[in-house]
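Undergrad: Following my numbering, the numbering of the sequence shown begins with 1118 at its first residue and continues without gaps.
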Amino acid sequence: MRVLMLCLLVIAATAQTHAENWPQWRGPSGSAVSTERNLPERWDGTSGIAWTAPLRVRGISTPVVWGDRVFITSQVGAGALREGNHPTLVQGGTAQDAGERALGLDEETRDAKVLFLVEAFRRGDGGLLWTFELPAEGELPGVHEKHNLASASPVTDGERVYAIFGTGQMVAVDMSGKRAWQRNLAEEYGAFQISWGHGSSPIVYKDLVILPCYHEPASYLLALDRRTGETRWRVERESEVLSYSTPLLVESASGDELVLNSSQGIEAYDPSTGKALWHMDEPNRFPIPTPVHHDDVIYASRGYRSGPYAAIRTGGRGDIAASHVLWNVPTGAPYIASLVYYDGLLYMAGDVGVVTCIDAKTGERVWQERIDGIFTASPVAGDGKIYLVSETGETIVMRAGRTPDLLARNPIDGRLLASPAISGGWLFLRTDDSLVAVSGQAMG
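(1) What do you get for Gln-1208, buried or exposed, if any count of 16 or more other CB atoms within 10 angstroms of its CB means buried?
(2) Once the 5 residues before and after Gly-1244 are set aside, which same chain residues still bring their CB inside 8 Å of it?
(3) Any idea if Trp-1371 is buried or exposed, counting beta-carbon neighbours within 10 angstroms, 16 or more meaning buried?
(4) For Trp-1142, which residues in the same chain have their Cβ closer than 6 Å to its Cβ, ignoring the five residues on either side in sequence?
(5) Compute the Euclidean distance between the alpha carbons of Gly-1420 and Pro-1404, then round it to the nearest angstrom.
(6) From Val-1352 to Arg-1296, what distance separates their C-alpha atoms?
(7) Pull up the DSSP beta-bridge partners for His-1315, would you.
(8) Do Ala-1450 and Ser-1495 come within 7 Å of each other at the CB atom, strictly closer than that value?
(9) Should Pro-1329 go down as buried or exposed, given a rule of 16 or more other Cβ atoms within 10 Å for buried?
(10) Report the partner residues of Lys-1502 according to the DSSP bridge assignment.
(11) Going by DSSP, what residues sit across from Val-1187 in a beta bridge?
(12) Ser-1379: buried (16+ other C-beta within 10 angstroms of its C-beta) or exposed?
(13) Can you find the residues in the same chain that come closer than 6 Å, C-beta to C-beta, to Trp-1183, ignoring five residues on each side of it along the sequence?
(14) Would you please state the rounded distance, in angstroms, between the beta carbons of Thr-1493 and Ala-1538? I believe it to be under 8 Å.
(15) With Gly-1285 and Ala-1303 assumed to form a contact (beta carbons below 8 Å), what rounded beta-carbon distance in angstroms separates them?
(16) Hey, could you find the ends of the beta strand (DSSP E) Ala-1303 is sitting in?
(17) Cα separation between Val-1120 and Ile-1415?
(18) Count the other CB atoms, across all protein chains shown, that sit within 10 Å of the CB of Phe-1545; report buried if there are 16 or more and exposed otherwise.
(19) Relative to the C-alpha of Trp-1395, which candidate in Tyr-1386, Asn-1401 and Glu-1305 has its C-alpha closest?
(20) At which residues does the beta strand (DSSP E) containing Thr-1493 begin and terminate?
(21) Starting from Ile-1327, follow its DSSP beta bridges and name the residues at the other end.
(22) Quick check on Glu-1374: does DSSP put it in helix, strand or coil?
(23) Buried or exposed for Pro-1258, going by 16 or more other Cβ atoms inside 10 Å?
(24) I believe Arg-1300 touches Met-1287 by the beta-carbon criterion, under 8 Å. Please report the beta-carbon distance rounded to the nearest angstrom.
(25) Use the C-beta contact count for Ser-1423: other C-beta atoms within 10 angstroms, 16 or more gives buried, fewer gives exposed.
(26) Under the assumption that Trp-1247 contacts Gly-1194 (Cβ atoms under 8 Å), give the Cβ distance between them as a whole number of angstroms.
(27) Among Gly-1480, Trp-1484 and Val-1472, whose alpha-carbon lies nearest the alpha-carbon of Val-1506?
(28) On the DSSP bridge assignment, give the partners of Glu-1250 in chain order.
(29) Report yes if the C-beta distance between Gln-1310 and Asn-1265 is below 7 Å; otherwise report no.
(30) Just the C-alpha distance for Trp-1298 and Ala-1308, rounded to the nearest angstrom, thanks.
(31) Pop quiz: Arg-1159 and Ala-1525 are said to be a contact at Cβ under 8 Å. What is the actual Cβ separation, rounded to whole angstroms?
(32) How about Val-1483 and Lys-1502: are their beta carbons less than 7 Å apart?
(33) In the DSSP output, what is Phe-1545 paired with across the bridge?
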């Protein structure tokens, strides 16, 4: 019996050692696709959950995973609400009845000093390893009720974790939880003021950390030295050019491209220098989704209400609207959630529970189904499955393919606004107040 147990422990340790890292928003290459097999299909609040770790406060940033650690960011204390009407995805009902609750505005935290947290958990059992606290500085920008100043997801290179917060404060923390460097971009370059608050996450490219800061007072694309935090290059944009999106790194035959969804259109830069490469002009009021790519083709949805989506060939220069756009559909994409490419098909989860499958070669609709749910988070895919998480606490699992096939509806206790992460055969879900590792196996 002892020999059997030792063998099982060795197998488990080996599986974790070779687990695919999920180091950033949307995974290893920004595709939101895992190459792992035997991913979970069914679970609920009592079965198929490896562990649940309580969180001090709410947040919507995606967990990132490196080796045996899971990292998340959060905000302690109540922020400021932006004036005016606030966005809601509820149709024909009240926000409270549908499970929509304000982030960071609980009575329990209303009087607390605003802090930003970077936390590390053990991947194996959810044990908290360390917490790094960063006090908020300056005037707090206003946000909407489903968003706070810690909404951007962190990124890690296995040496440090890099996090940006909605005040313009950026920090690099080493793997033991000690600060490596920090910057206050709002003090240096201009206030982080944008309708509803900052949403773009940083990415790592070679020795750089790259971040779009497309805001109303100052709009720019920034690259920092990932070891020191020093500015390596900065591209200034017109102040009216805005973005909530995270950039996508694309390796193409003509060189690497940094692709970004902005209010002006889709644009690409040389990630080493910031030199502008190409652009497709198409104004959009709220550019939120992040593009994906496959085989030298970029698939980009623009955001806002039933927005456009397109396929763009890489390698262009200048205005590529007439030369590199393979197809462009003027309406039908989600407001917030990014799409995912998987085995020749594109999947989109709409704001009101509509899931659409598109042929990636032609842009033509393959199928469309209404599936109950409020899909704010972006879908992920792997092992022949598409995972959609709903604010209602359900993860809907669909079989990938040209026919809609719903495999399971998996409920847990908690609202799901953050997109899932996949690593080591597990899904990592972040609810308002917990981090959940889903194994899909009964844990005896």
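Cβ atoms here follow ideal geometry from the backbone N, Cα and C, with glycine treated the same way.
Since this is a predicted model, take the numbers as computed values, not measurements.
TA: The relevant details are as follows:
(1) Here residue 1208 refers to the residue found at position 91 of the sequence shown. For Gln-1208, the predicted model reports a pLDDT of 43, less than 50, meaning its position is unreliable; a value from the coordinates is still stated below. Per the 10 Å Cβ criterion, exposed.
(2) The count along the sequence shown starts at 1 and reaches residue 1244 at position 127. Only Ala-1170 and Phe-1238 meet the Cβ criterion.
(3) Here the question's residue 1371 lines up with position 254 in the sequence shown. Note on identity: in this sequence residue 1371 is Ser, with Trp being the wrong assignment. Per the 10 Å Cβ criterion, exposed.
(4) As a position in the sequence shown, residue 1142 is number 25, starting the count at 1. Closer than 6 Å at Cβ, skipping near neighbours: Thr-1179, Ser-1270, Ser-1318 and Thr-1363.
(5) As a position in the sequence shown, residue 1420 is number 303, starting the count at 1. As a position in the sequence shown, residue 1404 is number 287, starting the count at 1. Each residue's alpha carbon lies about 5 Å from the other.
(6) As a first step, residue 1352 is located in the sequence shown; it is residue number 235 there, counting from the start. As a first step, residue 1296 is located in the sequence shown; it is residue number 179 there, counting from the start. Cα-Cα distance, rounded: 27 Å.
(7) Along the sequence shown, one-based indexing puts residue 1315 at 198. Beta-bridge pairing links His-1315 to no other residue.
(8) Residue mapping note: residue 1495 aligns to position 378 of the sequence shown, counting from 1. Residue mapping note: residue 1450 aligns to position 333 of the sequence shown, counting from 1. Taking 7 Å as the Cβ cut-off, Ser-1495 and Ala-1450 do not qualify as a contacting pair.
(9) The sequence position of residue 1329 within the sequence shown is 212, counting from 1. Classification of Pro-1329: buried, given that the 10 Å Cβ count is 16 or more.
(10) Position 385 of the sequence shown, counting from 1, holds the residue named residue 1502. In the DSSP output, where bridge partners are listed per residue, Lys-1502 has Gly-1499 and Arg-1516.
(11) By one-based count along the sequence shown, residue 1187 stands at place 70. Answer by DSSP bridge pairing, in chain order: Val-1182 and Phe-1238.
(12) Taking the first residue of the sequence shown as 1, we reach residue 1379 at position 262. It is buried - the Cβ of Ser-1379 has at least 16 other Cβ atoms within 10 Å.
(13) Here the question's residue 1183 lines up with position 66 in the sequence shown. Excluding residues within five positions, the ones whose Cβ falls inside 6 Å are Asn-1138, Pro-1140, Thr-1273 and Gly-1275.
(14) Here residue 1493 refers to the residue found at position 376 of the sequence shown. Here residue 1538 refers to the residue found at position 421 of the sequence shown. Going by Cβ atoms, the distance from Thr-1493 to Ala-1538 rounds to 16 Å, so no, they are not a contact pair.
(15) Counting from 1 along the sequence shown, the entry for residue 1285 is found at position 168. Counting from 1 along the sequence shown, the entry for residue 1303 is found at position 186. With a Cβ gap of about 3 Å, Gly-1285 and Ala-1303 count as contacting.
(16) Counting from 1 along the sequence shown, the entry for residue 1303 is found at position 186. Per DSSP, Ala-1303 lies in no beta strand (DSSP E) segment; the continuous alpha helix (DSSP H) that holds it begins and ends at 1302–1306.
(17) The sequence position of residue 1120 within the sequence shown is 3, counting from 1. The sequence position of residue 1415 within the sequence shown is 298, counting from 1. Its pLDDT being 43, under 50, Val-1120 is placed unreliably by the model, and nothing is read from it.
(18) Translated into positions along the sequence shown, residue 1545 becomes position 428. Classification for Phe-1545: buried.
(19) Here residue 1395 refers to the residue found at position 278 of the sequence shown. Closest by alpha carbon: Tyr-1386.
(20) Walking along the sequence shown from the start, residue 1493 turns up at place 376. Taken as a continuous stretch (DSSP letters only), Thr-1493 belongs to no beta strand (DSSP E), as it is neither H nor E.
(21) For the purposes of this step, residue 1327 is identified with residue 210 of the sequence shown, where counting begins at 1. Answer is Ile-1320 and Ala-1340.
(22) For this step, residue 1374 is matched to residue 257 along the sequence shown. Three-state DSSP puts Glu-1374 in a strand.
(23) Working through the sequence shown from its first residue, we reach residue 1258 at position 141. Per the 10 Å Cβ criterion, buried.
(24) As a position in the sequence shown, residue 1300 is number 183, starting the count at 1. As a position in the sequence shown, residue 1287 is number 170, starting the count at 1. That belief holds up - the Cβ atoms of Arg-1300 and Met-1287 are roughly 5 Å apart, short of 8 Å.
(25) Taking the first residue of the sequence shown as position 1, residue 1423 is located at position 306. With fewer than 16 Cβ atoms within 10 Å of its Cβ, Ser-1423 is classed as exposed.
(26) To locate residue 1247, count along the sequence shown from 1; it is residue 130. To locate residue 1194, count along the sequence shown from 1; it is residue 77. So it is not a contact: roughly 20 Å between Cβ atoms.
(27) Reading the sequence shown from its first residue, position 389 is the one you call residue 1506. Of the listed residues, the one whose Cα sits closest to Val-1506 is Val-1472.
(28) Taking the sequence shown and counting its residues from 1, one reaches residue 1250 at position 133. Partner(s): Leu-1234.
(29) Within the sequence shown, the letter at position 193 stands for residue 1310. Within the sequence shown, the letter at position 148 stands for residue 1265. No, these two residues do not count as a Cβ contact at 7 Å.
(30) Here residue 1298 refers to the residue found at position 181 of the sequence shown. Here residue 1308 refers to the residue found at position 191 of the sequence shown. Straight-line Cα distance between these residues: approximately 20 Å.
(31) Taking the first residue of the sequence shown as 1, we reach residue 1159 at position 42. Taking the first residue of the sequence shown as 1, we reach residue 1525 at position 408. Correct: roughly 5 Å between the Cβ atoms.
(32) Mapped onto the sequence shown, residue 1483 falls at position 366. Mapped onto the sequence shown, residue 1502 falls at position 385. Going by C-beta atoms, Val-1483 is not nearer than 7 Å to Lys-1502.
(33) Against the sequence shown, residue 1545 aligns to sequence position 428. BP columns for Phe-1545 point to Ala-1538 and Ala-1554.
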